[in-house]
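Mapping the sequence shown onto my numbering, position 133 (from 1) lands on 135, and the numbers just tick up by one. Worksheet: the structure to be examined is printed underneath.
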Amino acid sequence: MKKMILAIAMVLGASSAHAFTAPAWACSLSFKGESQGLKVIVGNYSFDGKGDLLCVTPTGQVADYPVTVTMEAKKFSPQVALGHMKVAGQAVEFSLLNLNPEDVLGTYYVAQGQAAVAGGVGVIAATKVGLPQLALQVSLQFARGLGVNLGLSKMTIALDQEAAPAPAPN
Numbered sequence: 003m004k005k006m007i008l009a010i011a012m013v014l015g016a017s018s019a020h021a022f023t024a025p026a027w028a029c030s031l032s033f034k035g036e037s038q039g040l041k042v043i044v045g046n047y048s049f050d051g052k053g054d055l056l057c058v059t060p061t062g063q064v065a066d067y068p069v070t071v072t073m074e075a076k077k078f079s080p081q082v083a084l085g086h087m088k089v090a091g092q093a094v095e096f097s098l099l100n101l102n103p104e105d106v107l108g109t110y111y112v113a114q115g116q117a118a119v120a121g122g123v124g125v126i127a128a129t130k131v132g133l134p135q136l137a138l139q140v141s142l143q144f145a146r147g148l149g150v151n152l153g154l155s156k157m158t159i160a161l162d163q164e165a166a167p168a169p170a171p172n
């Protein structure tokens, strides 16, 4: 599944590569973590995880980075969430003007839904707007545990400082 999502992202990235002189990057994010809390408009519900960000260009350059992924909403926000779930997912990013794989790092605004009774699924749609980039990230997840999460929040993708340093793009 990871290769299929990455192939789709590469094709979409390749179609936009002709419009720019610098290479376009297509990125895939695999992650695992835990979400927990209680929130019905007011409260706290968060996700903390680690993952791997793999980016490629149509010309074959590859960059692979260990990352941390966190999601949390303000104490008072449109979200209904409760329970504890272990979540594993795969995301693909479609972006314009993504000339550097590090452009994928940063803060995204997220609409999400997850549910699990022993096992379940989830989906995230995230967007990042910042000069010069406009990005959309879509994620499919599998969850274990007991819980539900439906609402809006912020997601941060950052380099994992505890992991070995990421190699430079080749």
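The C-beta atom is built at its ideal place from N, Cα and C for all residues, glycine as well.
Exercise. What residue does the beta strand (DSSP E) around Ala-165 start on, and which one ends it?
Worked result: Taken as a continuous stretch (DSSP letters only), Ala-165 belongs to no beta strand (DSSP E), as it is neither H nor E.
For this session: Identify the continuous beta strand (DSSP E) that holds Thr-109 and give its terminal residues.
Result: 108 to 132
For this session: Determine the extent of the beta strand (DSSP E) in which Ala-28 is found, giving its start and end residues.
Result: 28 to 58
Exercise. Is it a yes or a no for the segment 46 to 58 touching the segment 119 to 137, going by three-plus beta-carbon pairs under 8 Å?
Worked result: no
For this session: Identify every residue that forms a DSSP beta bridge with Gly-147.
Result: Met-87, Ala-120
Exercise. If you draw a straight line from the alpha carbon of Ala-165 to that of Ala-118, how long is it in whole angstroms?
Worked result: 30 Å
Exercise. Looking only at its own chain, which residues have a Cβ that is under 6 Å from the Cβ of Leu-40, when we skip the five neighbours before and after it?
Worked result: Leu-84
Exercise. Considering Ala-65, what are the terminal residues of the beta strand (DSSP E) in which it resides?
Worked result: 64 to 74
For this session: Use the C-beta contact count for Tyr-111: other C-beta atoms within 10 angstroms, 16 or more gives buried, fewer gives exposed.
Result: exposed
For this session: Within 10 angstroms of the Cβ of Gln-63, are there 16 or more other Cβ atoms? Answer buried if so, exposed if not.
Result: exposed
Exercise. Is the distance from the Cβ of Pro-80 to the Cβ of Cys-29 below 9 Å?
Worked result: no
For this session: Output yes or no for whether 9 Å exceeds the beta carbon distance between Gln-38 and Gly-149.
Result: yes
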